[in-house]
Every structure is written in structure tokens, then in C-alpha cells.
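Q: The listed protein sequences derive, respectively, from chains A and B.
Here the first sequence stands for residues 1 to 205, numbered as in my numbering.
Here the second sequence stands for residues 1001 to 1205, numbered as in my numbering.
For glycine and all other residues, C-beta sits at the position ideal for the given N, C-alpha and C.
Protein chains: 2
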Amino acid sequence: MKNISRRTVDRALIYIRTLEHLIKEKRYLVSSKDLALITGISDVQIRKDISSFGKVGRPRIGYKTAELNKTLKGFVLQENVVHVALFGVGHLGTAILRYPAFNEDNIKLVAAFEKDKSKIGKKINGVRVYPVEMAPKIIKRTHADLGIIAVPASHSQEVADIMVLSGLRGIVNFAPASISVPKSVIVKDIDFTIELLSLFCNSQR
Amino acid sequence: MKNISRRTVDRALIYIRTLEHLIKEKRYLVSSKDLALITGISDVQIRKDISSFGKVGRPRIGYKTAELNKTLKGFVLQENVVHVALFGVGHLGTAILRYPAFNEDNIKLVAAFEKDKSKIGKKINGVRVYPVEMAPKIIKRTHADLGIIAVPASHSQEVADIMVLSGLRGIVNFAPASISVPKSVIVKDIDFTIELLSLFCNSQR
């Protein structure tokens, strides 16, 4: 990520999110003006960003959505594949293992960890389930960068500690409890309650 | 929501999110200065907002986190309980039905809908599973406000159409496909891919 500002990466992620939607809606082309309307970022900034990623839109035609999306993902990932370790193979964990969009997007679930012995040794959607004590070793071997917490709230801190010890640098936390980790580890909490409250308030207007 | 600006509600949601974390970290008191540091909103604005909700902090002591959180939730919900209908009782849907934090927060899952006949008629965590064709009737009877899509991407638009016909005003969409709905219906897409990409980029810095 050297020489690229944090803000540029954040904008690139917004463009990717927008392009994903346009592609799903079968839009093959998009102008910087359309992107500006959807994202709230100025079209001048958008053209500047995109040309810095090596793409130029054609006047009156715009950008090819799929091509631009691919370029942007290449830019934010810098040709990396994101290796992800999952903790907890209950209903949520199993849903994440079966999530169909990961493989297309250079995101690879490399291992799953679980306490329940009846699940250990199984493969779900090609991903092996290991006992949680093996996490440090397996995470090193599989070069996992990020981890997902899908265990009950009562076990989330214990699992977070193992993730930190194993060298993971980022954690997506689905457990409805906040976790303490060193500052060098980034946590993204996904809180269904807040999402629903926010949606409710917006739908009342 | 009358007489309350959209921005005030948005800030209230940010305060709630922050307070939830503080409470989980066993913080009983918080000052407007601390809230300002965490949220990036000025402490003057925070004190003004909170006093408009009828709470005043005590000088040098601050606000009681649990009490303030309760007041704020009362404010954004206006004494409503949010009634939610779930579509899709696979692994993700089951995880949502078992999500423990909803009941405490005036969010009530009132019904689940599914195509698979082997699941219909069951109760999961107290919520009855109905055939999807019954959605319009059951949604009216249970006064559901919001719906959650937890079906495969290939069925998400079909389900979204039923939700719109049933009168739901907001949709949380977990399917990795975007849905088309009238402008009066608000959609919140939860995209695991984008969350992981964003976390990866941030953890590289």
C-alpha cells in the first residue's frame, strides 16, 4: 500500500461497492457524472482517481463497469489474495463458508476452527475444520491475514486472543460483544441490531 | 419521527453504537469530551443533542452510559418496537433467528418464511416458519415493519417483490445480489466481500 493515501483507497472501495451494484443491475457502462451522483464524490475527483489507476473513460461513453471494477480491485489488493480464517462453524460460520461471492473476489477462506469435536476434520465447501488449539500453527501455514469471529459472545474474547497470538492483523466480529485487541489489529464489528435500528429510523421518514 | 431532523437521528445512532461498546467494556460513565474523541462529533454538538433528548451530564462526571443509551434508543424508536420478518431459514437465517441481542433492543422477529416444506410449521427460538406465499397475510397480521433477505442470490429479487407487496418499508439484504425496489422502500445491503476487502486494505497500512 505504499505511496497510496488512505483516502484514495477508501474512495476506491466506494467505487468498487458502486460498480458491484451497477454490474448486478446489468449496466455495462457508467460515466464519471453518474458515479458522482451515486457516490457523492465530485466527478473531477473521480476522473482524477481513476486515471491514477491507469484507466481513462471515453468521452460521452464512460467506463466499462466490469473492467473498471477489476482494475480497482487489482489496485486495492495489489495482486494479493486475501486469506481468511474463520472461527466458529455454527449456523453463521457455515453460512459464511458457503457464501458464494468470495471466490470471485480474491478472497479465500483458508481454514475454519471449532471447539465442537463432531465438526473437526470435516470439509465444508472445500475448507477444512480444525480444532481451535491448532489455530496458531494453521494460520501461519496458510498465510491467513484476516479472521472472522462467528462464535457466541461468551467466547469472543477468548477467540480474539488466539487470533492476535496467531498473527492475524484484522478481525471481522459478528459476535454481539466488543473485543479488546492491541491497536495494531483492526476490528470491524458487524452489529445486526444497529443496522436494523438505523433502517427503521430511515424508513420512518 | 416528526420535528426531528434526519441528521439528529443519524447522530443519535452513532452515539448508541458508541455507548454499546462502552457498556460492553464495562464503562459506567462517559463525558461529552470522550464521546467527541471517539465519534469525531464536537462535544458542543453532543451536549446540545443529548440535552434535547432530556438528559444533562453532570460536570466533571459525565453521563451514565446505560441510562443514556436507553434514553437514546427510546428517542430513535419513539417507543416503537421494530417488528421484523425473515425470509430464508437456511444457515444464515437460523443464525439470525438465534441472534441473542435482538430481544433486549426492542427488535422483535415476528415471522420467518421459507420455501422448503420440511422447515414450514417449525418454531425456531420462538419464531414460527411459514410458507412464503403466506407472507402478505402474516406480515399484515404481525405488523412487520422491516424484512431480512437471507435466501440465495438467485431468489433475492423474487423475495424482494413479495416483501414490497406485503408492505414492508425497509429491507436488510444479505444476498450477494442487488435488488430493485420502489424508492419508498429502503434497502441496506450487507456485503461480506466489501467488508473483508476494506479491512484488508486498512490492515495493510
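Would you mind sorting Pro1176 (chain B) into buried or exposed? The rule is 16 or more other CB atoms within 10 Å of its CB.
A: With 16 or more Cβ atoms within 10 Å of its Cβ, Pro1176 (chain B) is classed as buried.
Q: Please determine if the region 1141-1154 of chain B and the region 1056-1065 of chain B are in contact, where contact requires at least 3 C-beta pairs separated by less than 8 Å.
A: Contact fails: fewer than three Cβ-Cβ distances are below 8 Å.
Q: Leaving out five residues on either side along the sequence, give the residues of the same chain with a beta carbon under 6 Å from the beta carbon of Thr71 (chain A).
A: Around Thr71 (chain A): Phe53 and Lys55.
Q: Got a sec: does the ligand ADP put a non-hydrogen atom nearer than 7 Å to the Cβ of Ser178 (chain A)?
A: Because no ligand of any kind appears in the structure shown, any question about the ligand ADP cannot be addressed here.
Q: Could you give the distance in angstroms between the alpha-carbon of Arg1212 (chain B) and the alpha-carbon of Asn173 (chain A)?
A: Because chain B spans 1001 through 1205 in this model, residue 1212 (chain B) falls outside it and cannot be assessed.
Q: If we cut at 8 Å on Cβ distances, does Asp49 (chain A) have a partner in chain B?
A: Asp49 (chain A) does not count as touching chain B.
Q: Can you find the residues in the same chain that come closer than 8 Å, C-beta to C-beta, to Leu1029 (chain B), ignoring five residues on each side of it along the sequence?
A: Once the five neighbours on either side are set aside, the close Cβ partners of Leu1029 (chain B) are Ile1061, Gly1062, Tyr1063, Lys1064 and Thr1065.
Q: Which residues, taken in chain order from the region 87-107 of chain A, show a beta carbon closer than 9 Å to some beta carbon of chain B?
A: Here the close residues are Gly90, His91, Leu92, Gly93, Thr94, Ala95, Ile96, Leu97, Arg98, Tyr99, Pro100, Ala101, Phe102, Glu104, Asp105, Asn106 and Ile107.
Q: Taking CB distances under 8 Å as the criterion, tell me whether Gly170 (chain A) reaches chain B.
A: So yes, Gly170 (chain A) belongs to the interface.
Q: Please determine, among B:Gly1126, B:Glu1114 and B:Pro1152, the residue with the shortest C-alpha to C-alpha distance to Ala1135 (chain B).
A: Looking at the Cα atoms, B:Glu1114 is the closest of the given residues.
Q: Give the range of the alpha helix (DSSP H) segment to which Arg1006 (chain B) is assigned.
A: Taken as a continuous stretch (DSSP letters only), the alpha helix (DSSP H) holding Arg1006 (chain B) covers Arg1006 to Lys1024.
Q: Strictly under 8 Å for the Cβ-Cβ distance: is Thr193 (chain A) near chain B by that measure?
A: Chain B, which has a Cβ nearer than 8 Å to the Cβ of Thr193 (chain A), makes this yes.
Q: Who are Leu197 (chain A)'s beta bridge partners in DSSP?
A: None; Leu197 (chain A) has no bridge partner.
Q: Please specify which runs of the alpha helix (DSSP H), each continuous and at least 4 residues long, are wholly inside the region 1030-1080 of chain B, giving them in chain order.
A: Here the runs fully enclosed are 1032-1039, 1043-1052 and 1065-1077.
Q: Indicate whether at least one CB of chain B lies closer than 8 Å to the CB of Ile139 (chain A).
A: With 8 Å as the cut-off, Ile139 (chain A) does not count as an interface residue toward chain B.
Q: Give the interface partners of Asp145 (chain A) over in chain B, defined as CB-CB distance under 8 Å, in chain order.
A: Those within 8 Å of Asp145 (chain A) in chain B are Phe1200 and Ser1203.
Q: Please classify Gly126 (chain A): does DSSP put it in a helix, a strand, or coil?
A: The answer is coil: DSSP assigns Gly126 (chain A) none of H, G, I, E or B.
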